[in-house]
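Residues in the sequence shown are numbered from 4 upward in steps of one, following my numbering.
All C-beta atoms in this analysis are idealised placements derived from N, C-alpha and C, irrespective of residue type, glycine included.
For clarity, every value in this text was computed on a predicted model and none was experimentally measured.
Take a look at the structure below.
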Amino acid sequence: MARFPEAEARLFRVKICMDCNARNALRATRCRKCGSHDLR
4 MARFPEAEAR LFRVKICMDC NARNALRATR CRKCGSHDLR
(Lines of atoms letter the chains of each structure in order from A and count residues from 1; the text may use other names and numbers.)
(Lines give C-alpha, C1' and ligand atoms only; values in the text may rest on other atoms or scores of the structure.)
Protein backbone atom coordinates (compact mmCIF):
# COMPACT_ATOMS: atom_id res chain seq x y z
CA MET A 1 0.00 0.00 0.00
CA ALA A 2 2.69 2.51 0.99
CA ARG A 3 5.50 3.42 -1.37
CA PHE A 4 8.30 2.34 0.98
CA PRO A 5 8.57 -0.06 3.93
CA GLU A 6 9.32 2.61 6.56
CA ALA A 7 6.05 4.42 5.82
CA GLU A 8 4.14 1.15 5.89
CA ALA A 9 5.63 0.32 9.30
CA ARG A 10 4.55 3.72 10.66
CA LEU A 11 1.00 3.20 9.39
CA PHE A 12 0.42 -0.42 10.36
CA ARG A 13 2.41 -0.88 13.60
CA VAL A 14 -0.21 1.02 15.57
CA LYS A 15 -3.61 0.27 17.08
CA ILE A 16 -6.52 2.66 16.61
CA CYS A 17 -9.19 3.19 19.27
CA MET A 18 -12.66 2.57 17.85
CA ASP A 19 -14.21 5.05 20.33
CA CYS A 20 -11.95 8.13 20.15
CA ASN A 21 -9.73 7.33 17.09
CA ALA A 22 -6.50 7.78 19.09
CA ARG A 23 -3.32 6.06 17.93
CA ASN A 24 -1.96 3.58 20.47
CA ALA A 25 1.10 1.37 20.72
CA LEU A 26 0.91 -2.04 19.04
CA ARG A 27 1.18 -3.82 22.41
CA ALA A 28 -1.57 -1.70 24.01
CA THR A 29 -4.60 -3.43 25.49
CA ARG A 30 -6.43 -0.22 26.47
CA CYS A 31 -6.62 3.21 24.86
CA ARG A 32 -4.23 5.78 26.32
CA LYS A 33 -6.80 8.60 25.94
CA CYS A 34 -10.18 7.14 26.88
CA GLY A 35 -9.31 3.78 28.49
CA SER A 36 -11.47 1.75 26.10
CA HIS A 37 -10.60 -1.88 25.31
CA ASP A 38 -12.07 -1.55 21.80
CA LEU A 39 -8.88 -1.34 19.68
CA ARG A 40 -8.29 -2.45 16.10
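What number of angstroms, rounded off, separates the C-alpha of residue i from the C-alpha of residue j?
i          : j          : result
residue 4  : residue 16 : 14 Å
residue 27 : residue 41 : 11 Å
residue 33 : residue 24 : 12 Å
residue 39 : residue 19 : 11 Å
Looking at the unbroken alpha helix (DSSP H) that takes in residue i, where does it start and where does it end?
i          : result
residue 15 : 8-15
Taking the alpha-carbon of residue i as reference, which of the options has the nearest alpha-carbon?
i          : options       : result
residue 30 : 21, 22 and 43 : 43
Within the same chain, show all residues whose beta-carbon is closer than 6 Å to that of residue i, passing over the 5 residues directly before and after it, in chain order.
i          : result
residue 37 : 22 and 23
residue 3  : Residue 3 falls outside the range modelled here, since the chain spans only 4 to 43, and no answer is possible.
I'd like the list of long-range same chain contacts for residue i, defined as Cβ closer than 8 Å, with 5 residues on each side in sequence excluded.
i          : result
residue 11 : 4 and 5
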